[in-house]
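Read through the structure below, which is laid out as structure tokens, and then see the notes.
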Amino acid sequence: MSRVTDVELPDATKAFLTLPHTATLTTLRPDGTPHVTPVRFTFDAATGLVRVTTRAGARKARNVVAGGSTARVALCQADGFRWVTLEGRAAVTDDPARLAEAVRRYTDRYRAAPPAVRDLVVVEIAVDRVLGLNL
981 MSRVTDVELP
991 DATKAFLTLP
1001 HTATLTTLRP
1011 DGTPHVTPVR
1021 FTFDAATGLV
1031 RVTTRAGARK
1041 ARNVVAGGST
1051 ARVALCQADG
1061 FRWVTLEGRA
1071 AVTDDPARLA
1081 EAVRRYTDRY
1091 RAAPPAVRDL
1101 VVVEIAVDRV
1111 LGLNL
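Position in the sequence shown (first residue = 1) + 980 = the numbering used here.
This is the structure:
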């Protein structure tokens, strides 16, 4: 699977994705209807990987798991009429090293750790499409 890399994103887009904004994450429920929820996230421009920490029992995580290896999601960060949408395949993991990296990046971006819940997992999105406006 190809990923967006550091060189493929304009500097303005990369800068916008470092701002400590919230975004919306759209996943598909098992019946095919969209589930849209606000999230905090991190984006690694060098690898094209988005990380969203959440509870394993959260609807967004369950939707990704139910979608299997072909689960696709869209994450959109907006500020007025400036926005960027990152699309790609998603997977949920509770791997300690990957979860620790997600928590580290989240803490760096938002200046606070994510909520400490017992069933914390990370939704990882391998970005393969980027859309944006006014960046």
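The beta-carbon is built from N, C-alpha and C at its ideal position, and this holds for glycine as well.
Using the Cα positions of threonine 1050 and arginine 1039, report the straight-line distance between them to the nearest angstrom.
Distance between the alpha carbons of threonine 1050 and arginine 1039 is about 17 Å.
Pick out whichever of Asp1074, Ala1025, Val1053, Arg1078 has its Cα sitting closest to the Cα of leucine 1008.
For the options Asp1074, Ala1025, Val1053, Arg1078, the alpha carbon positioned closest to that of leucine 1008 is the one of Val1053.
Look at the alpha carbon of valine 1030 and the alpha carbon of lysine 994, and state the distance between them as a whole number of angstroms.
Cα to Cα, the separation comes out at about 12 Å.
From the DSSP output, read off the bridge partner residues of proline 1018.
According to DSSP, proline 1018 bridges with Thr1004.
What residue from Ala1041, Val1064, Val1072, Leu1100 has the CA that sits closest to leucine 1111's CA?
Per the Cα distances, Val1064.
So the candidates are Thr1034, Leu999, Ala1070, Asp1059; which of them puts its Cα closest to the Cα of glycine 1028?
Ranking Thr1034, Leu999, Ala1070, Asp1059 by Cα distance to glycine 1028 puts Ala1070 first.
In angstroms with no decimal places, state the Cα-to-Cα distance between valine 1032 and arginine 1020.
Looking at the two C-alpha atoms, the distance is approximately 7 Å.
Check the C-beta distance from alanine 1093 over to valine 1083 and give it rounded, since I have them as a contact under 8 Å.
So it is a contact: roughly 6 Å between Cβ atoms.
Given a threshold of 16 other Cβ atoms within 10 Å of its Cβ, counted over all protein chains shown, does asparagine 1114 qualify as buried or as exposed?
With a threshold of 16 other beta carbon atoms within 10 Å, asparagine 1114 falls short and is exposed.
Just to confirm, are valine 1016 and valine 1045 a CB contact at a threshold of 7 Å?
Against a cut-off of 7 Å, the Cβ pair of valine 1045 and valine 1016 comes out as no contact.
Assuming phenylalanine 1023 and leucine 1066 are in contact, meaning their beta carbons sit under 8 Å apart, how far apart are those beta carbons, in whole angstroms?
Confirmed, about 7 Å.
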